[in-house]
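Enquirer: Quick one: structure below, then a few questions.
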Amino acid sequence: MVLKKASEVKIIVDDRELRGRVVEELYKHGAQLDVRHLPVGDYVVSSRVGIEFKSIKDLESSIIDGRLFKQCEELIDNFDNPVLLVEGECLFHGRVHPNAVRGAIASITTDYGVPVINVDSPAEAASLIIAYARREQSELDRTVRYNARRKSVTDEQFMEAVIAAFPNIGVKLAQSLLEHFGSVKKVINSPVEELIVVEGIGEGKAERVFNLVNKEYKS
Numbered sequence: 004m005v006l007k008k009a010s011e012v013k014i015i016v017d018d019r020e021l022r023g024r025v026v027e028e029l030y031k032h033g034a035q036l037d038v039r040h041l042p043v044g045d046y047v048v049s050s051r052v053g054i055e056f057k058s059i060k061d062l063e064s065s066i067i068d069g070r071l072f073k074q075c076e077e078l079i080d081n082f083d084n085p086v087l088l089v090e091g092e093c094l095f096h097g098r099v100h101p102n103a104v105r106g107a108i109a110s111i112t113t114d115y116g117v118p119v120i121n122v123d124s125p126a127e128a129a130s131l132i133i134a135y136a137r138r139e140q141s142e143l144d145r146t147v148r149y150n151a152r153r154k155s156v157t158d159e160q161f162m163e164a165v166i167a168a169f170p171n172i173g174v175k176l177a178q179s180l181l182e183h184f185g186s187v188k189k190v191i192n193s194p195v196e197e198l199i200v201v202e203g204i205g206e207g208k209a210e211r212v213f214n215l216v217n218k219e220y221k222s
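When we follow this note's numbering, the leftmost residue of the sequence shown carries the number 4, and every step to the right adds one.
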């Protein structure tokens, strides 16, 4: 297979990414950019590969509010091979506890099947996006297009994502907790002795959830 040149590939870019340096780097490569308002993902390089791009600050914010897991649900609903691309040098040394970041990444890769790739700079991010585009578009049947395929995430899925955001919980345990307690509010308001009743929730996980829920936020 002969790979296309960087100047021969086409990349669909979400219009909200235009102010970022990654787009600037893509232009330097000579890539052909098709700017649209994408409902899912930030960069689309083929019908099967969609890329969600985040700075470390964005990643931390989306872990805190649970948005990250909803975005991953949408990615796997719309692309056969989604990718989460994170740019920044200090992935585990930001304002979110490193264990929370590790837990989120573990959940994303194992529960959702979305690979997480960390790069140091916008230039590296652009080079990787180009590499995906060259690989995908050199196959004749992998055209660059975006078509929303499924319905948006349900309330139940979003509830699961909120609980799954806790370290070492994940989607399956989140479902078990919600089935047992009935709501997000009841889960997070439950004491340790009630949480451990749910199969798979040991004392360590229960204490971690309880402590995070009751911990005061410090900026």
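Every residue gets a Cβ at the ideal spot worked out from N, C-alpha and C, and that includes glycine.
Compute the distance between the beta-carbons of Asn-121 and Leu-94, then report whether it is under 8 Å.
Expert: Taking the first residue of the sequence shown as position 1, residue 121 is located at position 118. Taking the first residue of the sequence shown as position 1, residue 94 is located at position 91. Yes.
Enquirer: Report all residues from its chain with a CB closer than 7 Å to the CB of Gly-116; omit the five preceding and five following residues, and keep chain order.
Expert: Translated into the one-based positions of the sequence shown, residue 116 becomes position 113. Contacts found: Ile-79.
Enquirer: Three or more C-beta pairs under 8 Å: does that hold for the stretch 207 to 215 against the stretch 191 to 198?
Expert: Short answer: they touch.
Enquirer: Decide if the stretch 171 to 191 is in contact with the stretch 126 to 133; the criterion is three or more beta carbon pairs, one per stretch, under 8 Å apart.
Expert: No contact exists between the stretch 171 to 191 and the stretch 126 to 133.
Enquirer: Using a Cβ-Cβ cut-off of 7 Å (strictly less than) and excluding sequence neighbours within five positions of Ala-168, which residues of its own chain qualify?
Expert: To locate residue 168, count along the sequence shown from 1; it is residue 165. Ile-66, Gly-69, Phe-72 and Ala-107, listed in sequence order.
Enquirer: So, is Asn-214 buried or exposed, given that buried needs 16 or more other C-beta atoms within 10 angstroms?
Expert: To locate residue 214, count along the sequence shown from 1; it is residue 211. With fewer than 16 other Cβ atoms within 10 Å, it is exposed.
Enquirer: With respect to the beta strand (DSSP E) encompassing Val-38, which residues constitute its N-terminal and C-terminal limits?
Expert: Residue numbering aside, residue 38 sits at position 35 when the sequence shown is read from its first letter. Residues 35 to 39.
Enquirer: Go ahead and pull the three-state DSSP assignment for Leu-88.
Expert: As a working note, residue 88 is residue 85 in the sequence shown. Note: Leu-88 maps to strand in three-state DSSP.
Enquirer: What first and last residue would you give for the beta strand (DSSP E) that runs through Phe-56?
Expert: Against the sequence shown, residue 56 aligns to sequence position 53. Per DSSP, Phe-56 belongs to the beta strand (DSSP E) from 53 to 58.
Enquirer: Could you give the distance in angstroms between the alpha-carbon of Ser-50 and the alpha-carbon of Leu-62?
Expert: To locate residue 50, count along the sequence shown from 1; it is residue 47. To locate residue 62, count along the sequence shown from 1; it is residue 59. Roughly 25 Å separates the two Cα atoms.
Enquirer: Can we count Leu-87 as close to the ligand FMN, meaning its CB is less than 7 Å from some heavy atom?
Expert: As presented, the structure is devoid of all ligands, the ligand FMN included, so that no description of it is given.
Enquirer: Let me know the secondary structure DSSP gives Asn-81 once reduced to three states.
Expert: In the sequence shown, the residue the question calls residue 81 occupies position 78. The answer is helix: DSSP assigns Asn-81 an H, G or I state.
Enquirer: What residue range does the alpha helix (DSSP H) around Ile-111 cover?
Expert: The residue labelled residue 111 in the question sits at position 108 within the sequence shown. Segment 101 to 113, the alpha helix (DSSP H) holding Ile-111.
Enquirer: With the cut-off set at 8 Å, would you say Leu-36 and Ile-14 are in Cβ contact?
Expert: As a working note, residue 36 is residue 33 in the sequence shown. As a working note, residue 14 is residue 11 in the sequence shown. Closer than 8 Å, so yes.
Enquirer: Express the C-alpha separation of Gly-203 and Gly-53 in angstroms, rounding to a whole number.
Expert: By one-based count along the sequence shown, residue 53 stands at place 50. By one-based count along the sequence shown, residue 203 stands at place 200. Each residue's Cα considered, the two are about 33 Å apart.
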